[in-house]
Amino acid sequence: MRDAPRCHIHLEEIAKLYCETCGNLPICVACMHGEHKGHNLHEVKALANLKRKQLSQKLKTLEDINKGKNVIGPKQVKEELILNASVEKEKMIKMHHEKDKKIMTKIQDTEGRRQQVQQEKQNTEKKLFDSLQTKMEHEIQGVKKKYEDIFRVKKLELNDTFEARESSLEKELAKLREQREHFERDKKELLESIEKQQNENMKIIETMSQHFDNVKKRFETLNVMSSSILASDNDWSAVQCIPDMCTAAANLLEDLKRDFPEIATLTDVTVNYKQYSFGKPSVVNRIYGMTSSGDGNDVISGYSPDELKSFIIVIDTNGRILQEKKLATGKEWAWRYCEFLSQHKVATVSEPNEIGLYDVREGSYIMRDISDVISSWPKSRDVRCVTTDSVNNHILVGGYDSGDVYVFDDQLNFLHILTLPEMIRSPHDIAVSDGHLLVCDYDRDKCYVTTMDGMESKLVGEFMEPNVEGSIFVPISVCSDKNGFVYVLWKSYAQSPNHCYLVQYNQDGSQVLTTRKLDGGAEVVTVVETSKGEKILLAEHDAQTVYLYDLITED
1 MRDAPRCHIH
11 LEEIAKLYCE
21 TCGNLPICVA
31 CMHGEHKGHN
41 LHEVKALANL
51 KRKQLSQKLK
61 TLEDINKGKN
71 VIGPKQVKEE
81 LILNASVEKE
91 KMIKMHHEKD
101 KKIMTKIQDT
111 EGRRQQVQQE
121 KQNTEKKLFD
131 SLQTKMEHEI
141 QGVKKKYEDI
151 FRVKKLELND
161 TFEARESSLE
171 KELAKLREQR
181 EHFERDKKEL
191 LESIEKQQNE
201 NMKIIETMSQ
211 HFDNVKKRFE
221 TLNVMSSSIL
231 ASDNDWSAVQ
241 CIPDMCTAAA
251 NLLEDLKRDF
261 PEIATLTDVT
271 VNYKQYSFGK
281 PSVVNRIYGM
291 TSSGDGNDVI
301 SGYSPDELKS
311 FIIVIDTNGR
321 ILQEKKLATG
331 KEWAWRYCEF
341 LSQHKVATVS
351 EPNEIGLYDV
361 REGSYIMRDI
371 SDVISSWPKS
381 RDVRCVTTDS
391 VNNHILVGGY
401 DSGDVYVFDD
411 QLNFLHILTL
421 PEMIRSPHDI
431 AVSDGHLLVC
441 DYDRDKCYVT
451 TMDGMESKLV
461 GEFMEPNVEG
471 SIFVPISVCS
481 DKNGFVYVLW
491 KSYAQSPNHC
501 YLVQYNQDGS
511 QVLTTRKLDG
521 GAEVVTVVET
531 SKGEKILLAE
541 HDAQTVYLYD
551 LITED
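In structure tokens, the structure reads:
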């Protein structure tokens with residue numbers, strides 16, 4: 001510690017006072033009446049006590065803040081981040097492994113069915129040949145050529161039949177393999193996203209660690225020096241040193257108040273899914289049908305603002321309109337529905353009883369009046385929904401207040417009526433999934449899965465509605481993806497504005513996988529194929545905008 005200073009004039013005298021007017025110069029009592037007469041003078045002891053009190057208050061503030069500061073050790077945070085990132089990676093890898101396993105199972109099953117078709121073809125050819133051979137043995141030699149010709153014709157017919165089935169299975173295999181490639185790319189992107197988040201958070205933690213270490217060292221140094229000053233009786237040292245310590249304490253206090261991201265958030269690892277919106281089609285008023293065009297674009301149909309007109313438009317994945325077509329139907333509310341049938345061909349129906357095929361390449365359209373094709377079609381019945389069976393190239397049409405589904409071939413020829421189970425009153429929307437028919441019954445507030453073989457359909461299962469207290473929901477749209485997962489759009493008309501939920505189910509509807517509330521109303525949902533795999537296409541209630549989402553993933 002410093003010795004008590006001497007008077008700057010009377011060097012033999014110990015300074016008892018200091019002159020604030022002259023920059024805190026040490027002076028003796030004699031100077032009070034001399035050179036420093038009339039100046040602002042203070043006793044050293046009183047000043048020292050004041051400075052001690054100020055320093056004690058600042059130290060107490062620092063101690064309180066330091067005790068209340070919730071500082072988790074950077075080492076602990078770093079370990080927690082690494083652990084959480086590792087767990088998230090394992091979850092992501094496990095999820096993709098399970099999906100890959102499902103695809104491989106379908107590939108193996110499809111390969112087996114293809115081999116079975118080939119074997120069936122060989123067996124049928126052999127049976128035919130053996131049958132003809134037996135007949136030939138009982139005929140004269142002159143008619144042998146006749147039966148050989150018959151066999152050749154029959155064989156060609158068989159080839160056409162089985163080649164079509166093989167071709168369909170080949171396409172299915174190609175789509176499954178392509179989907180598997182998309183899963184691998186998505187997994188890689190998601191893992192890279194997790195790694196990037198981890199690295200960014202590690203940098204933040206390192207900066208925090210250095211800052212906290214620096215603050216800790218400064219606080220410890222200040223605490224030691226302050227404790228020494230406060231414990232000393234040397235008033236002059238207190239007067240000289242405490243102002244500097246108070247300044248250091250103020251700077252340290254500011255650094256302690258410095259904001260950093262919440263520690264807990266630095267251990268989180270999240271993956272975001274993209275959302276794409278399309279522009280506003282010029283002819284759209286209300287959308288009732290959406291589907292893929294088969295060439296990477298999408299087809300939307302519904303009711304046009306023009307009176308007695310329905311519309312069909314084709315858009316690309318950026319929402320750009322490629323084609324627009326308005327069609328007169330002779331009905332005030334000409335609601336039109338659509339569904340993908342085959343490459344570049346879309347099946348469409350429009351009220352009251354129109355069925356047609358739209359070519360997305362050139363915009364051509366052929367149609368038939370259902371009442372002209374089906375004699376039993378009631379005059380008062382309007383079409384309500386349409387779907388397609390890609391395996392058999394069939395078009396399935398549902399009507400208002402009817403438990404029947406009308407089946408047509410890909411040339412718009414009527415084939416037969418499929419009678420639905422008696423509990424189904426009126427299909428609002430239908431879709432084909434893994435050889436079963438999905439049915440939204442608007443009147444019953446139910447969604448069912450049924451068989452579709454033969455003329456009589458049988459009930460397989462029922463989908464659970466969203467579990468939302470105080471709401472009554474009706475199913476208004478249904479679709480499925482390549483994995484067989486089913487998506488049902490449920491709407492509550494009892495609430496204002498309308499509440500909509502998109503629910504994902506397993507293949508038979510016995511289990512709810514995911515439930516997502518939609519911010520606005522919605523009318524139609526479908527799954528379309530894009531360059532990045534399958535996506536969910538959804539139309540809002542006001543039908544002025546459609547949105548493209550990633551498929552819902554299991555939580």
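Per UniProt numbering, the sequence shown runs over residues 1 to 555. Cβ atoms here follow ideal geometry from the backbone N, Cα and C, with glycine treated the same way.
Cα-Cα, which of the options is closest to residue i?
{"i": "residue 24", "options": "41, 4 and 10", "result": "41"}
{"i": "residue 246", "options": "57, 360 and 159", "result": "57"}
{"i": "residue 342", "options": "357, 336, 352 and 350", "result": "357"}
{"i": "residue 78", "options": "119, 390 and 197", "result": "197"}
{"i": "residue 392", "options": "404, 366 and 435", "result": "435"}
{"i": "residue 441", "options": "429, 452 and 450", "result": "429"}
{"i": "residue 201", "options": "75, 164, 218 and 506", "result": "75"}
{"i": "residue 371", "options": "390, 351, 45 and 312", "result": "351"}
{"i": "residue 478", "options": "536, 51 and 98", "result": "536"}
{"i": "residue 172", "options": "226, 317, 513 and 112", "result": "112"}
{"i": "residue 185", "options": "463, 531 and 538", "result": "531"}
{"i": "residue 432", "options": "398, 213 and 328", "result": "398"}
{"i": "residue 164", "options": "421, 390 and 403", "result": "390"}
{"i": "residue 256", "options": "228, 232, 217 and 523", "result": "217"}
{"i": "residue 421", "options": "445, 413 and 452", "result": "452"}
Have a look at residue i and residue j and give me their C-alpha separation to the nearest angstrom.
{"i": "residue 93", "j": "residue 187", "result": "7 Å"}
{"i": "residue 115", "j": "residue 131", "result": "24 Å"}
{"i": "residue 22", "j": "residue 28", "result": "14 Å"}
{"i": "residue 448", "j": "residue 490", "result": "13 Å"}
{"i": "residue 383", "j": "residue 199", "result": "57 Å"}
{"i": "residue 244", "j": "residue 238", "result": "10 Å"}
{"i": "residue 53", "j": "residue 43", "result": "16 Å"}
{"i": "residue 376", "j": "residue 140", "result": "52 Å"}
{"i": "residue 143", "j": "residue 129", "result": "15 Å"}
{"i": "residue 16", "j": "residue 35", "result": "15 Å"}
{"i": "residue 288", "j": "residue 311", "result": "10 Å"}
{"i": "residue 240", "j": "residue 206", "result": "38 Å"}
{"i": "residue 361", "j": "residue 315", "result": "12 Å"}
Consult DSSP for residue i and reduce its assignment to one of helix, strand or coil.
{"i": "residue 208", "result": "helix"}
{"i": "residue 385", "result": "strand"}
{"i": "residue 147", "result": "helix"}
{"i": "residue 482", "result": "coil"}
{"i": "residue 309", "result": "strand"}
{"i": "residue 401", "result": "coil"}
{"i": "residue 340", "result": "strand"}
{"i": "residue 317", "result": "coil"}
{"i": "residue 420", "result": "coil"}
{"i": "residue 359", "result": "strand"}
{"i": "residue 162", "result": "helix"}
{"i": "residue 168", "result": "helix"}
{"i": "residue 395", "result": "strand"}
Excluding five sequence neighbours on each side, which residues of the same chain lie with their C-beta closer than 7 Å to the C-beta of residue i?
{"i": "residue 158", "result": "121, 124 and 125"}
{"i": "residue 363", "result": "323 and 325"}
{"i": "residue 400", "result": "381, 382, 384 and 426"}
{"i": "residue 492", "result": "471, 472, 473, 498 and 499"}
{"i": "residue 509", "result": "449, 461, 462, 463 and 486"}
{"i": "residue 86", "result": "none"}
Which first and last residues belong to the beta strand (DSSP E) in which residue i is found?
{"i": "residue 490", "result": "486 to 492"}
{"i": "residue 21", "result": "Where residue 21 is concerned, there is no enclosing beta strand (DSSP E), given that its DSSP letter is neither H nor E."}
{"i": "residue 463", "result": "459 to 463"}
{"i": "residue 514", "result": "512 to 518"}
{"i": "residue 298", "result": "298 to 303"}
{"i": "residue 290", "result": "286 to 292"}
{"i": "residue 36", "result": "Note, residue 36: premise wrong, no beta strand (DSSP E); not H, not E."}
{"i": "residue 586", "result": "Missing from the structure shown is residue 586; the chain here goes from 1 to 555 and no further."}
{"i": "residue 428", "result": "427 to 433"}
{"i": "residue 500", "result": "499 to 505"}
{"i": "residue 41", "result": "41 to 43"}
Got a sec, what are the start and stop residues for the alpha helix (DSSP H) residue i sits in?
{"i": "residue 103", "result": "74 to 137"}
{"i": "residue 404", "result": "Looking at the DSSP string, residue 404 is not in any alpha helix (DSSP H); the run it does join, the beta strand (DSSP E), is 404 to 408."}
{"i": "residue 239", "result": "235 to 256"}
{"i": "residue 372", "result": "370 to 373"}
Give me, in chain order, the residues of the same chain whose beta-carbon lies closer than 8 Å to that of residue i; leave out the 5 immediate sequence neighbours on both sides.
{"i": "residue 291", "result": "298, 299, 338, 339, 340, 346, 526 and 528"}
{"i": "residue 394", "result": "388, 407, 408, 409, 410 and 415"}
Looking only at its chain, what residues have a beta carbon closer than 6 Å to the beta carbon of residue i, apart from the 5 residues adjacent to it on each side?
{"i": "residue 517", "result": "501"}
{"i": "residue 13", "result": "7 and 28"}
{"i": "residue 211", "result": "none"}
{"i": "residue 4", "result": "14 and 236"}
Could you check whether the Cβ of residue i sits closer than 7 Å to any heavy atom belonging to the ligand FAD?
{"i": "residue 41", "result": "As for the ligand FAD, it is missing from this structure, which has no ligand bound."}
Counting only beta-carbon separations shorter than 8 Å, does residue i have a partner in chain C?
{"i": "residue 194", "result": "Judged by its chain identifiers, the structure shown contains no chain C, having just a single protein chain."}
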